[in-house]
């Protein structure tokens, strides 16, 4: 009975743990680079320039 | 320039736009371990699709979708009479959609990230904060070839007096001008409640000086405010060709407004030439139906200019008046109709 209760609690808590880690991954993977000055400087590629456009 | 892609960490806590996570707007591959992998299927400008912002800002998006900043239809409208029906179709396909239309502003171009011009952008305005306005980092990028540097004095000459008084673009060009008012206009001239000097300067006819009252009364309906109060030369562009752009030089031109052919105003040379779109295989068989000069609201206004100091600057000296000699070479035949032959002021015995 005790074992079954523990399994049930674990089963309920597991998706919660999974979803929170998913959110953390979502926030951290993009933001790992985009909040890091040194990393961004290293990864940045200047765009190729073309003839100027714009209404002026 | 890499700093333009740095997100301000402190925004993550409080900004509701960021609470949904990056992927909700930008897609991409958040499991990627390299730049290329992470950016696979990335949506750089999510607000290009107005539905993105419409989730919360429905009312604004409904009007913005019809605004000139979004449709950019004014650019097409300004040139279309030069084309035959077949040429116009080709222009729409090969030029307008590919090139002119790229100037349309998404929500993010004004509120999140400076617009890219010629592939260059300052990136995020304030670390991905959603700003209400920041003219120096938004308007100035698209309108920085002509209007903005003339306004600030950077182009030469004195700054516009309104700039000196601390006014920026949005002080005259209101939110409804940017977001639209729900009407679909074909050009900025049609916009209801567009900026006008008399919106603020309401006391015409009540000036303290008699000469000022007289000048305003005599010229009302005949000369625009710019005709007397534009203070310096402004940028005029020459010879625009697809793929190579145009050249420019300063100039000051007074002539008849091509839109009514009776009001004297400041004119600016528009760089469309007979073979502007030749690279795309598009001709302009009706090129001469439109002039090469259009009325320009020169953004270098001063109270006192050469023309306000002395009537002779115009009536005798004819300073800055468009003449046959200064007309652009191989220009439109319609340009002749903009020349105004000003007369000296008659002296009553």
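Protein chains in written order, with the numbering used here: chain A, 1 to 56; chain B, 1001 to 1349.
C-beta: ideal position from N, C-alpha, C; glycine also.
Using the beta-carbon of each residue, which ones in chain A are nearer than 9 Å to residue i?
i	result
residue 1035/B	33, 43 and 45
In this structure, does DSSP put residue i in helix, strand or coil?
i	result
residue 34/A	helix
residue 1052/B	helix
residue 1206/B	coil
residue 1094/B	helix
residue 1010/B	coil
residue 1251/B	strand
residue 1186/B	coil
residue 1038/B	helix
residue 1003/B	helix
residue 1311/B	coil
residue 1082/B	helix
residue 39/A	helix
residue 1267/B	strand
residue 1246/B	strand
residue 1177/B	helix
residue 1230/B	strand
residue 1200/B	coil
Between residue i and residue j, which are expected to be in contact by the criterion C-beta below 8 Å, what is the C-beta distance as a whole number of angstroms?
i	j	result
residue 1342/B	residue 1314/B	6 Å
residue 1105/B	residue 1070/B	7 Å
residue 942/B	residue 1296/B	Missing from the structure shown is residue 942/B; chain B here goes from 1001 to 1349 and no further.
residue 1095/B	residue 1282/B	6 Å
residue 1028/B	residue 1040/B	7 Å
residue 1205/B	residue 1196/B	Wrong, their Cβ atoms sit about 16 Å apart, outside the cutoff.
residue 1350/B	residue 1337/B	One cannot answer for residue 1350/B here, as it falls past the ends of chain B, which runs 1001 to 1349.
residue 1331/B	residue 1292/B	5 Å
I want to see whether chain C comes within less than 8 Å of residue i, judged by CB atoms only; does it?
i	result
residue 1/A	Within the model displayed, chain C is absent; protein chains A and B are what it includes.
List the residues of chain A whose Cβ lies closer than 7 Å to the Cβ of residue i, in chain order.
i	result
residue 1002/B	40, 41 and 44
Just to make sure I have the definition right: I need the residues of chain A whose C-beta is within less than 8 Å of the C-beta of residue i. Which are they?
i	result
residue 1038/B	29, 30 and 33
Q.
Three Cβ pairs or more, each shorter than 8 Å: is that satisfied between the segment 1254 to 1266 of chain B and the segment 1317 to 1326 of chain B?
A. Contact between the segment 1254 to 1266 of chain B and the segment 1317 to 1326 of chain B is present, because at least three Cβ pairs lie under 8 Å.
Q | Stretch pair the segment 1262 to 1277 of chain B + the segment 1302 to 1311 of chain B: three plus CB contacts closer than 8 Å | A | Short answer: they don't touch.
Q) Does the segment 1282 to 1293 of chain B come close enough to the segment 1077 to 1086 of chain B that 3 or more CB-CB pairs lie under 8 Å? A) In this structure the segment 1077 to 1086 of chain B lies against the segment 1282 to 1293 of chain B, because at least three pairs of beta carbons, one per stretch, are closer than 8 Å.
Q: Check each residue of the segment 1004 to 1022 of chain B: if its Cβ is closer than 7 Å to any Cβ of chain A, include it; give the result in chain order.
A: Across the segment 1004 to 1022 of chain B, CB contacts with chain A closer than 7 Å involve 1005, 1006, 1007, 1009, 1021 and 1022, in sequence order along the chain.
Q. If you pair each beta-carbon of the segment 1123 to 1130 of chain B with each one of the segment 1007 to 1026 of chain B, do three or more pairs fall below 8 Å?
A. A contact between stretches requires three or more CB pairs, one per stretch, nearer than 8 Å, and the segment 1123 to 1130 of chain B meets this requirement with the segment 1007 to 1026 of chain B.
Q. Counting Cβ pairs closer than 8 Å, one from the segment 1109 to 1118 of chain B and one from the segment 1137 to 1156 of chain B, do we hit at least three?
A. Touching, per the Cβ criterion.
Q. Quick one: any contact between the segment 1178 to 1186 of chain B and the segment 1058 to 1070 of chain B, if contact means 3 or more CB pairs under 8 Å?
A. As far as the Cβ criterion goes, the segment 1178 to 1186 of chain B touches the segment 1058 to 1070 of chain B, which means the pair count is three or higher.
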